[in-house]
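Each residue of the sequence shown is one higher than the last, beginning at 257 in the working numbering. Even glycine gets a Cβ: it sits at the ideal position worked out from N, Cα and C. All of these numbers come straight from a predicted model, not from anything done at the bench. Structure record follows, encoded as structure tokens.
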Amino acid sequence: MMEKTNTKWSSRWGVIYQQIIGLIPKIECTMVKWLKPLENLVKINTDGSRDAIGRVGTGGICRDHRGKIIMAFG
257 MMEKTNTKWS
267 SRWGVIYQQI
277 IGLIPKIECT
287 MVKWLKPLEN
297 LVKINTDGSR
307 DAIGRVGTGG
317 ICRDHRGKII
327 MAFG
């Protein structure tokens, strides 16, 4: 059972609130579009990530000037 208490909140709650909100990471998104390489060239795109406990993942793809997949790895 919860006891009722007479908690006095700081008159600076607005400042405290702003400090807490400031701890939340800002997420930014950028739209990108894949561009084909010049004729007779290939483009290799790669990416990787790491999670909070250190596990990693990688991958990539190789495409020709028509956008056709030549190979992919991961």
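Residue i, DSSP secondary structure in three states
{"i": "His317", "result": "Strictly speaking, residue 317 in this sequence is Ile, with His absent from that position. Ile317: strand per DSSP, three-state reduction."}
{"i": "Gly323", "result": "coil"}
{"i": "Val312", "result": "strand"}
Which listed residue (the options) has its alpha carbon closest to that of residue i
{"i": "Gly316", "options": "Leu291, Lys299, Ile309, Pro293", "result": "Lys299"}
{"i": "Val288", "options": "Asn301, Val271, Gln274", "result": "Asn301"}
{"i": "Lys324", "options": "Leu291, Lys282, Val271, Thr286", "result": "Leu291"}
Residues near residue i by beta carbon distance below 8 Å, same chain, minus five either side
{"i": "Asp303", "result": "Thr314, Gly315, Gly316"}
Where the beta strand (DSSP E) through residue i begins and ends
{"i": "Gly304", "result": "299 to 306"}
The alpha helix (DSSP H) enclosing residue i, as first and last residue numbers
{"i": "Ile272", "result": "269 to 278"}
Contacts around residue i, its chain only, beta-carbon distance under 7 Å, and the 5 residues preceding and following it disregarded
{"i": "Leu294", "result": "His321"}
Cutoff 6 Å; reference residue i; Cβ partners in own chain excluding five residues on either side
{"i": "Cys318", "result": "Val298, Ile300, Ile326, Met327"}
{"i": "Val312", "result": "Arg306"}
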